[in-house]
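What follows is one structure encoded as structure tokens, with my remarks underneath.
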Amino acid sequence: MAKSDGGTGSDFKSSLKSASERFLSQTVVHVLEKSFRTPDDFLRHFKPADLMQGLEGAPDLRAKILIEGAGVHEKIARRKSTTSAAEDLRLALDEGVTNAAQLLTLLPPDDRVRYFDHKKLWAFTTEDEFWSPLNAEANVDGALSRVVFLLENALRENLLSLQVLTDGITFDSISTRLPLKELQKLVRHALKLGREKKPLSEQELLESVPLKTLIGFIPLEHVFNNVLVEKVAKPAGFIPTEGWDAGRAEPAKAEPPKAEPPAKPKAEKPEKLEPLKAEPAKTEEQPKSVPPPKPAAPASGKQQPLESLTDIEDDVDALIQSTRPPAEEEARRKVIDRLTTLNRLPPRHDTLTTPVLLSIESMYSELLSASTDDAREASIRDSFPNEQQMTTALLALIELLDPTIDINDPVIKDADADSLIKVVLFEERHRYEQQNPSARPSPGPAPLPPPNSARKGSLAPPPLPRQSSLPPPLPEGKRAR
């Protein structure tokens with residue numbers, strides 16, 4: 002299996018015989034342990050009547066719940082009918098004799114799957130539609146971790162193979178969504194494997210780009226619907242093979258008015274939507290469908306790998322965009338509007354993924370209320386799920402804050418995250434002091450300017466601004482909230 006890097010979160014291992022049942026049992030435990038779902042949510046899906054009816058085949062377990070949960074006498078509990086047992090349990094819940102959390106402790110994890118309806122259990126674990134862009138926006142890292150857990154759980158139980166996983170995501174999505182730095186790393190890895198006469202398999206792909214890192218650059222809705230629903234949940238019988246609305250996070254009424262007679266219906270692939278009409282075509286982005294350049298054959302000469310990397314860098318802007326589902330497009334439009342209002346929208350925001358833009362917005366909501374540089378640095382780090390996304394965002398913001406800095410200069414482009422954070426804080430302080438001359442500190446040794454395209458030496462991070470209680474720079478004269 003691909004190496005794990007943060008998606009798992011439970012030590013529980015099911016002992017059920019069926020792989021799909023083990024997957025479901027471990028998924029139910031995970032959402033409860035991580036508080037993604039609560040015992041009260043469980044009882045909304047499984048009323049007392051459902052519990053007692055499901056446990057008709059387990060009389061000892063049903064009696065135990067009535068005795069320890071509802072306070073029914075042992076001799077009476079074993080003779081109760083299903084209807085009477087359900088009524089006793091309902092009264093015990095209503096009167097506070099027991100509660101949802103206590104009942105769940107009496108129901109072993111595997112017995113929940115052994116005796117209760119699998120479709121209802123799956124609905125319980127996915128009810129909050131955490132993969133939808135509008136819901137994931139509130140907790141990007143939490144939504145990402147849940148999707149990665151489900152993928153790793155399915156891989157571990159052999160409900161999913163790496164080949165099926167990558168086919169579900171599609172090579173087009175991988176090649177257009179991965180940022181330049183990851184593509185360069187992947188090309189280097191492929192060239193190394195080529196010299197060893199080994200193929201770039203799915204396993205090798207995930208050795209170069211770990212699963213959580215890869216999924217972090219792909220729309221979660223795309224991964225959930227095309228992989229977890231189509232390749233895992235439907236074959237396992239957790240949801241009907243027909244009637245599943247892959248875009249149920251969006252109102253269903255949004256599509257009929259815009260639907261025109263389609264020339265090629267593809268009902269089985271709901272994720273591949275028609276291009277949005279609201280997005281005007283751009284002439285410079287016409288070569289969108291061209292696949293990323295392939296690494297040159299080793300026999301072509303030693304300099305071919307470097308030329309291949311240069312070609313990737315030239316083409317990545319045209320490749321990074323692909324058709325987005327309507328829900329993500331709406332979330333992207335809103336975050337762009339908010340960053341525009343803050344005057345913090347990167348000039349080349351079209352090349353940034355939606356999760357990166359959402360993280361930038363989250364960063365500024367904290368940055369504007371921080372009173373020290375330590376707090377500002379912490380707010381920057383806490384806003385991004387991984388260092389790759391943070392680096393991409395900081396380079397884009399540096400280009401916005403000081404257009405004289407060439408972010409393609411290796412001195413800047415290859416700088417570590419600590420140095421990039423200091424550059425952003427320096428530029429924000431500089432912008433604030435320009436707009437508020439009275440806020441400038443008393444004269445002292447002038448700080449060195451941040452590195453720019455004219456400097457070709459090693460990256461020396463700019464000095465941190467003097468620690469003070471001055472607020473961070475406020476975009477367009479707005480006050481911190």
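Note that the working numbering has the sequence shown beginning at 2, numbered continuously upward. Every residue gets a Cβ at the ideal spot worked out from N, C-alpha and C, and that includes glycine. Bear in mind that the values here come from a model prediction, so they are computed numbers and not experimental data.
Straight-line Cα distance separating residue j from residue i
| i | j | result |
| --- | --- | --- |
| Thr177 | Asn409 | 20 Å |
| Ile422 | Met391 | 9 Å |
| Val188 | Asp374 | 38 Å |
| Thr405 | Val425 | 14 Å |
| Lys273 | Phe172 | Low confidence applies to Lys273: its pLDDT is 42, below 50, so where it sits in the model is not reliable, and the reading given next is rough at best. Computed Cα separation, rounded: 14 Å. |
| Gly143 | Pro236 | 26 Å |
| Ser290 | Tyr433 | Low confidence applies to Ser290: its pLDDT is 44, below 50, so where it sits in the model is not reliable, and the reading given next is rough at best. Whole-angstrom Cα-Cα distance: 42 Å. |
| Thr393 | Lys35 | 30 Å |
| Ala332 | Leu135 | 6 Å |
| Ala20 | Ile219 | 27 Å |
| Glu138 | Asp129 | 13 Å |
| Glu183 | Ser370 | 33 Å |
| Ile381 | Leu398 | 12 Å |
| Ala376 | Leu368 | 8 Å |
| Ala191 | Thr214 | 18 Å |
| Leu145 | Phe43 | 23 Å |
| Ala78 | Glu330 | 56 Å |
| Ala59 | Phe47 | 16 Å |
| Lys18 | Leu201 | 34 Å |
| His350 | Tyr365 | 16 Å |
| His119 | Arg113 | 9 Å |
| Asp389 | Val149 | First, the amino acid is wrong: residue 389 is Gln here, not Asp. So the alpha carbons of these two residues sit roughly 17 Å apart. |
| Asp197 | Leu207 | Note on residue identity: the sequence assigns Glu, not Asp, to residue 197. Rounded to the nearest angstrom, the two C-alpha atoms are 18 Å apart. |
Host alpha helix (DSSP H) of residue i (start-end)
| i | result |
| --- | --- |
| Ser366 | 355-368 |
| Ser82 | Segment: none, Ser82 is in no alpha helix (DSSP H) and carries neither H nor E. |
| Lys120 | 119-127 |
| Asp419 | 418-436 |
| His74 | Premise fails: His74 is in no alpha helix (DSSP H) and is neither H nor E. |
| His223 | 221-224 |
| Thr106 | 101-107 |
| Ala50 | 49-55 |
| His46 | 40-46 |
| Ile406 | Ile406 -> no alpha helix (DSSP H), and no H or E assigned at all. |
| Lys335 | 327-342 |
| Glu183 | 181-196 |
| Ser174 | 172-178 |
| Glu22 | 20-34 |
| Lys414 | 411-414 |
Backbone secondary structure at residue i - three-state DSSP
| i | result |
| --- | --- |
| Ser133 | coil |
| Gly238 | coil |
| Ala139 | coil |
| Val210 | coil |
| Ser146 | helix |
| Pro110 | helix |
| Thr373 | coil |
| Asp95 | helix |
| Asn154 | helix |
Cβ shell of residue i (< 6 Å), same chain only, five flanking positions each side left out
| i | result |
| --- | --- |
| Leu104 | Gly70 |
| Val73 | Leu67, Asp89 |
| Asp415 | none |
| Ala87 | Pro49, Ala50, Met53 |
| Asp419 | none |
Same chain only: Cβ atoms within 7 Å of residue i, ignoring 5 sequence neighbours per side
| i | result |
| --- | --- |
| Gly55 | Tyr116, Phe117 |
| Pro411 | none |
| Ser16 | Asp111 |
| Leu160 | Ala20, Ser21, Phe24, Val233, Ala237 |
| Val141 | Pro356, Leu359, Ser360, Pro386 |
| Thr354 | Arg178, Phe218 |
| Pro347 | Leu353, Ala397, Leu398, Glu400, Leu401 |
| Val32 | Arg38, Thr126 |
| Ala101 | Pro40, Asp41, Phe43, Leu44 |
Chain D within 7 Å of residue i, Cβ atoms only
| i | result |
| --- | --- |
| Ala394 | The structure shown contains no chain D; it holds only a single protein chain. |
Exposed unless 16 or more other CB atoms sit within 10 angstroms - verdict on residue i
| i | result |
| --- | --- |
| Phe13 | exposed |
| Thr84 | exposed |
| Gly97 | exposed |
| Lys81 | buried |
| Gly169 | buried |
| Thr28 | buried |
| Asn344 | exposed |
| Ser384 | buried |
| Ala93 | buried |
| Arg147 | buried |
| Ser372 | exposed |
| Arg430 | buried |
Close Cβ partners of residue i (< 8 Å) along its chain, the five nearest in sequence each way excluded
| i | result |
| --- | --- |
| Glu75 | Ala64, Ile68 |
| Leu152 | Gly8, Leu161, Leu166, Leu212, Ile216, Val224, Val228, Leu229 |
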